[in-house]
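*Asks:*
Number of protein chains: 2
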Amino acid sequence: MFEVTNENFNTIYPHLERTLKNASFIAIDTELTGLNVDDVKNSLFDSINERYEKQRSSIQPYIIIQFGITAFQRIQHENQYTAEAFNFFLLPRSIPSKNRQFVWQVAALEFLTAYEFDFNKFAYNGISYLNEDDQAILQQQLEENVLFHNVERSMSYREEDSLKDYINQVFEWLNTASDETNSLKIDTPTPILQYLTHKELRNRFPNVWTFSGNNMVTVMKIRPDSRAILEQEEGSILENVLLESYIGFSKVFKLLVTLKKPIVAHNALLDLMFMYQQFYKPLPKKYTNFKDSLHQLFPTIYDTKFLSFELREHLSTEQKWKFNSLSGLVEYFTEKQGKYLALGSPNINLTCKINSDKSNVVPSTKYHTAGWDSYFAGYVFIRLIHVFSAKCYGQSSTLKHFTHTELMNNVKSFANCINIIRGSTSHLKLDGPEPGSTRPKWLFVKTLASKPITAMQIAEKMSSFGAVDIKQCTSKRMLVAVANHGRGSIAVSSGLLTWLLHQKLQRSS
Amino acid sequence: MFEVTNENFNTIYPHLERTLKNASFIAIDTELTGLNVDDVKNSLFDSINERYEKQRSSIQPYIIIQFGITAFQRIQHENQYTAEAFNFFLLPRSIPSKNRQFVWQVAALEFLTAYEFDFNKFAYNGISYLNEDDQAILQQQLEENVLFHNVERSMSYREEDSLKDYINQVFEWLNTASDETNSLKIDTPTPILQYLTHKELRNRFPNVWTFSGNNMVTVMKIRPDSRAILEQEEGSILENVLLESYIGFSKVFKLLVTLKKPIVAHNALLDLMFMYQQFYKPLPKKYTNFKDSLHQLFPTIYDTKFLSFELREHLSTEQKWKFNSLSGLVEYFTEKQGKYLALGSPNINLTCKINSDKSNVVPSTKYHTAGWDSYFAGYVFIRLIHVFSAKCYGQSSTLKHFTHTELMNNVKSFANCINIIRGSTSHLKLDGPEPGSTRPKWLFVKTLASKPITAMQIAEKMSSFGAVDIKQCTSKRMLVAVANHGRGSIAVSSGLLTWLLHQKLQRSS
């Protein structure tokens with residue numbers, strides 16, 4: 196796996212671009228600073244619109260701090276995919292026109308520590324990003340040459356001291372150097388410092404010109420007429436370099452949008468919403484606007500969590516997995532029954548080059564590292580679509596080899612179906628009308644006893660139907676939503692309370 | 196310097212307690228995740244009440260992540276203080292009853308990276324803390340035995356897996372161990388896990404008892420009658436241990452409050468407000484309530500920033516320091532004119548034991564590490580109060596040795612004066628009536644030209660008076676507040692604009 200930070204981002208980018216262009220599909224994953232504010236809870240009563248609006252306001256202050264991308268490429272005439280994984284550390288770099296900040300939920304931070312997240316890599320070497328609004332503002336400020344003034348104010352003391360030091364160096368060099376010493380190299384560790392060094396030195400010394408290098412500015416003595424030519428030729432190169440350094444990872448997002456390759460993620464809704472707000476635009480108020488806009492950006496998305504629910508319906512009891520978490524599915528296909536179910540499915544060859552371990556075995560301790568999880572999502576995707584395809588061709592086809600086109604065609608109808616956790620419908624559909632619900636109908640429950648009933652009591656009684664959500668209407672009446680039909684009809688227990696199934700209500704959805 | 200994390204906090208605490216009890220005064224410093232939200236700017240128009248209210252709402256979402264304490268002790272019959280410095284990493288640990296979270300300002304995070312802050316130490320080994328409200332809630336939940344259920348829900352998957360594993364271990368041990376093997380030791384890395392391990396094992400196995408050790412639970416086979424006795428004797432020891440682990444650093448805060456030693460800090464207002472909200476209570480709405488309450492907690496506080504402004508008035512031009520930032524003052528007294536001004540001042544002997552470098556020289560790169568900055572604040576305090584004392588005794592007394600009592604008596608009147616940055620008064624007074632302003636009176640400025648004037652234009656014209664703040668009344672009239680009197684009277688420039696000093700307004704303050 197490539198670990199990508201602000202130190203190697205520019206170097207790795209061309210390789211990343213080539214790899215993504217050649218990909219058959221691209222799997223992604225994110226690690227976040229938080230998920231939900233107080234008192235925002237998913238409920239089986241939530242319609243798709245309600246769920247979107249809840250999550251929109253809930254996730255607004257949090258950010259993606261690690262982004263995983265794995266490019267899967269089908270090898271022609273072979274039953275094999277290569278996989279190349281990239282793990283990006285992200286950090287919103289401060290920009291002069293905005294007080295950027297983010298919220299860290301302690302539970303999310305503790306979660307990251309359980310999976311050995313490197314907080315120093317994040318803070319010291321996170322790659323910058325901008326959404327389109329911030330990029331437009333910055334671009335305009337650069338064009339109008341008003342950023343310079345602001346940048347100066349937002350410079351750290353260290354940067355200010357460095358800049359003063361550079362000016363002194365050039366001053367001394369100009370005074371003492373013989374004509375043969377015709378260049379001076381200055382290290383400029385940050386993009387802002389590089390930009391300001393160019394600007395300041397050119398401004399102060401009319402007889403020099405400055406050239407950019409890798410984290411370096413080269414100063415040369417020059418005749419005023421040559422300088423005029425260089426100035427004219429240069430245009431806004433310096434401004435563009437600075438802007439690029441702020442845009443950082445957003446360039447990768449734009450590349451994903453341009454390529455329009457199928458995107459794969461596990462339980463993708465939050466990843467997609469976070470990506471949208473962080474690299475594109477603030478999330479639209481209405482779900483329909485989000486849906487249309489997201490579909491424009493990524494016309495084909497597969498959610499392996501949704502696929503796993505669909506496929507499970509076609510499996511016999513002993514074939515079914517126990518957990519459809521990402522790690523649960525990986526283990527199912529590598530160590531448990533799934534191993535035999537997907538015998539003919541393509542080899543997946545994780546190519547590990549440059550800064551990573553050479554071994555082709557993915558350590559299971561890598562879960563919840565975005566790069567690895569994106570690989571796992573793509574891995575599970577290939578296994579799932581193979582089993583689906585085998586099912587289409589009849590029971591004995593698990594050994595059959597399918598082409599990439601065959602595999603993708605067999606799950607076409609599941610494209611853009613995104614899983615909804617504990618909602619009134621099981622999923623949303625980004626490219627068409629929303630699905631109806633497959634949940635049991637809501638129940639209206641009323642106690643005939645004289646004592647009032649509590650939501651907790653009902654929840655306990657109905658726990659055999661999976662998740663239970665309750666809306667209390669009066670002290671003796673409530674609406675109950677359950678996740679699944681359980682075994683047979685609703686069991687009325689003969690406990691403390693007597694239930695009356697008074698009425699079954701049509702879901703509004 | 197002692198670096199204190201959740202790994203050595205309990206071990207170091209007894210030594211810390213002794214050291215603080217013996218201290219002549221205690222210097223503190225904090226490092227923060229942020230300072231101010233958008234659009235909250237300090238202004239020379241701010242009264243003390245306004246400033247407090249601004250800062251109160253501004254700092255609410257941010258936290259102290261590093262706390263520095265240095266205990267300075269005067270050595271009897273010697274012209275010397277010993278200094279012992281402690282640097283605490285703090286992290287709000289998640290508690291079952293609350294979604295704890297904090298905001299990180301990117302500029303603050305970048306600031307910390309410039310001073311080599313260890314974000315992994317913070318995230319992995321930060322010490323917990325609770326304010327009094329959260330502690331009361333937790334305590335009640337423990338007493339009512341309702342936390343257990345909640346803790347279970349808030350356990351990480353890893354903790355859950357560990358717990359299952361421990362139960363299996365005990366089950367096997369009970370089945371296979373001979374009677375001689377009468378104890379089993381289980382590592383329990385986190386306080387929650389330790390608590391739950393005790394509870395679960397005792398619950399599941401009636402023939403065992405569990406004893407606490409250092410991050411360890413020892414299981415022993417036991418007869419039911421002995422167990423009943425042990426149960427009765429134990430009381431709520433387990434609950435108290437768990438509660439203590441959540442309280443963490445707040446214990447140190449309580450110790451500081453109990454000891455009532457003089458507290459020293461540089462530019463202390465923010466430190467004090469952050470401490471109050473983080474370890475004590477939400478900040479009161481009104482300044483007067485904060486002031487009274489803080490004074491109850493810490494009756495004697497010295498602000499070295501305020502002291503430095505006061506002392507500067509007594510110095511000749513060539514004696515004056517250039518910067519009164521903490522580092523500016525340290526350099527003044529160690530490398531510049533201050534060295535000669537404080538010749539007779541006490542030796543300061545930084546005792547470095549255990550986990551730190553042995554050298555007695557403080558590397559200047561350590562600024563903005565809370566532990567070091569607390570040391571620097573105390574260092575500067577001793578130098579400042581010596582020079583003050585020498586001034587009281589006449590010009591030639593810089594070589595004189597003063598007792599601790601003499602030194603403290605000579606600055607008694609400056610106790611509880613806390614510097615205000617760019618406010619309508621220079622400081623606030625925690626133990627008495629607020630001071631009048633020493634700022635120049637506000638100016639009412641009106642242009643006679645036909646063109647409107649902008650705040651920016653005025654600010655430029657008046658920049659020789661130091662900081663300038665402007666309230667625009669109409670397009671041609673504005674109120675101007677400046678930081679100091681400049682040289683002589685207000686200069687009316689003959690530039691683009693003609694100014695009319697229309698009226699001098701009495702400040703309201």
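For the record, the sequence lines run as chains A and B. Residue 704 is where the first sequence ends in this note's numbering, and the numbering goes up by one at each step. Residue 704 is where the second sequence ends in this note's numbering, and the numbering goes up by one at each step. Glycine included, C-beta positions come from ideal geometry on N, C-alpha and C.
If we ignore side chains and look at the alpha-carbon of each, how far apart do Q268 (chain A) and P384 (chain B) end up?
*Replies:* For Q268 (chain A) and P384 (chain B), the distance between alpha carbons rounds to 43 Å.
*Asks:* Beta-carbon separation of F469 (chain A) and T225 (chain A) under 8 Å?
*Replies:* yes
*Asks:* Give the interface partners of K318 (chain B) over in chain A, defined as CB-CB distance under 8 Å, in chain order.
*Replies:* Just to set this straight, residue 318 (chain B) is Ala in the shown sequence, not Lys. Correct list: L304, L307, T308, F312, F314.
*Asks:* Check the Cβ of W299 (chain B) against every Cβ in chain A and list those closer than 7 Å, keeping chain order.
*Replies:* Q296, F297, W299
*Asks:* Could you name the residues of chain A that R288 (chain B) contacts, counting a contact when the two beta carbons are closer than 8 Å?
*Replies:* Below the 8 Å Cβ cutoff, chain A contributes V301, E305 as neighbours of R288 (chain B), in chain order.
*Asks:* Counting only beta-carbon separations shorter than 8 Å, does G408 (chain B) have a partner in chain A?
*Replies:* By this cut-off, G408 (chain B) is not an interface position.
*Asks:* Consult DSSP for Y276 (chain B) and reduce its assignment to one of helix, strand or coil.
*Replies:* It is a strand residue.
*Asks:* What would DSSP say about T214 (chain B), mapped onto helix, strand or coil?
*Replies:* Helix, per DSSP.
*Asks:* Would the beta-carbon of Q335 (chain A) be found less than 7 Å away from any heavy atom of the ligand HEM?
*Replies:* With respect to the ligand HEM, the structure offers nothing, as it holds no ligand at all.
*Asks:* Taking the alpha carbon of E305 (chain B) as the reference point, which residue from A:N398, A:A318, A:S431, A:A302 has its own alpha carbon closest?
*Replies:* A:A318
*Asks:* Taking the C-alpha atoms as reference points, what is the distance between Q472 (chain A) and E327 (chain A)?
*Replies:* 10 Å
*Asks:* Ends of the beta strand (DSSP E) at R251 (chain A)?
*Replies:* No beta strand (DSSP E) holds R251 (chain A); the alpha helix (DSSP H) holding it covers 243-254.
*Asks:* Is there at least one Cβ from chain B nearer than 8 Å to N203 (chain A)'s Cβ?
*Replies:* no
*Asks:* Report all residues from its chain with a CB closer than 6 Å to the CB of E279 (chain A); omit the five preceding and five following residues, and keep chain order.
*Replies:* T214, A266, T546
*Asks:* Which value, in whole angstroms, describes the spacing of the CA atoms of P457 (chain B) and F493 (chain B)?
*Replies:* 8 Å
*Asks:* So, helix, strand or coil for S511 (chain A), using DSSP?
*Replies:* coil
*Asks:* Drop a sphere of 10 angstroms on the beta-carbon of K486 (chain A), count the other beta-carbons inside from all chains shown, and report buried for 16 or more, exposed for fewer.
*Replies:* buried
*Asks:* If you follow the beta strand (DSSP E) that S199 (chain B) is in, where does it begin and where does it stop?
*Replies:* Per the sequence shown, the amino acid found at residue 199 (chain B) is Val instead of Ser. Start and end: 197-199.
*Asks:* G263 (chain B) and G566 (chain B) look like a contact to me (Cβ under 8 Å); what is the Cβ gap, rounded to whole Å?
*Replies:* 4 Å
*Asks:* If you draw a straight line from the C-alpha of T633 (chain A) to the C-alpha of R672 (chain A), how long is it?
*Replies:* One Cα belongs to T633 (chain A), the other to R672 (chain A), and the distance between them is close to 24 Å.
*Asks:* Tell me which residue opens and which closes the alpha helix (DSSP H) that D329 (chain B) is part of.
*Replies:* 327-338 is the span of the alpha helix (DSSP H), which, as asked, contains D329 (chain B).
*Asks:* Skipping 5 residues on each side, what residues in its chain have a beta carbon closer than 6 Å to that of V199 (chain A)?
*Replies:* I207, F281, F283
*Asks:* At the level of alpha carbons, what is the spacing between T669 (chain B) and L425 (chain A)?
*Replies:* If I take the Cα positions, the gap works out to 47 Å.
*Asks:* Please classify R295 (chain B): is it buried, with 16 or more other beta-carbons within 10 angstroms of its beta-carbon, or exposed?
*Replies:* Within a 10 Å sphere around the beta-carbon of R295 (chain B) sit 16 or more other beta-carbons, which makes this residue buried.
*Asks:* Considering only the alpha carbon of each residue, which of B:W637, B:S619, B:K636 lies closest to E629 (chain B)?
*Replies:* That would be B:S619, whose Cα lies nearest to the Cα of E629 (chain B).
*Asks:* Pairing CB atoms from the stretch 564-580 of chain A with CB atoms from the stretch 526-545 of chain A, are three or more of them under 8 Å?
*Replies:* Flag = yes, the stretch 564-580 of chain A and the stretch 526-545 of chain A touch.
*Asks:* Does R288 (chain B) pass the burial test, meaning 16 or more other C-beta atoms within 10 Å, or should it be called exposed?
*Replies:* buried
*Asks:* Near E202 (chain B), what residues of its chain come up, given a Cβ to Cβ distance below 6 Å and the 5 sequence neighbours on each side ignored?
*Replies:* N320
*Asks:* Ends of the beta strand (DSSP E) at G408 (chain A)?
*Replies:* 403-408
*Asks:* Grab me the residues of N274 (chain A)'s own chain with a C-beta within less than 6 Å of its C-beta, minus the 5 sequence neighbours each way, in chain order.
*Replies:* Answer for N274 (chain A): P541, H596, listed in chain order.
*Asks:* Take Q337 (chain A) and list the residues in its own chain whose beta-carbon comes closer than 8 Å to its own, dropping the five residues that flank it on each side.
*Replies:* The displayed chain sequence assigns Leu, not Gln, to residue 337 (chain A). Excluding residues within five positions, the ones whose Cβ falls inside 8 Å are S431, E434, L437, L438.
*Asks:* Measuring straight from C-alpha to C-alpha, what distance separates N462 (chain A) and T499 (chain A)?
*Replies:* In a straight line, the C-alpha of N462 (chain A) is about 7 Å away from that of T499 (chain A).
*Asks:* May I ask you to report which of helix, strand or coil DSSP gives W299 (chain B)?
*Replies:* Strand, per DSSP.
*Asks:* Considering only residues of the same chain and omitting the five flanking positions on each side of A572 (chain B), which have a CB-CB separation below 7 Å?
*Replies:* A222, D224, V459, A460, H461, T499, L521
*Asks:* Where do the N-terminal and C-terminal ends of the alpha helix (DSSP H) with F609 (chain B) fall, by residue?
*Replies:* Element bounds for F609 (chain B): n/a, residue is neither H nor E.
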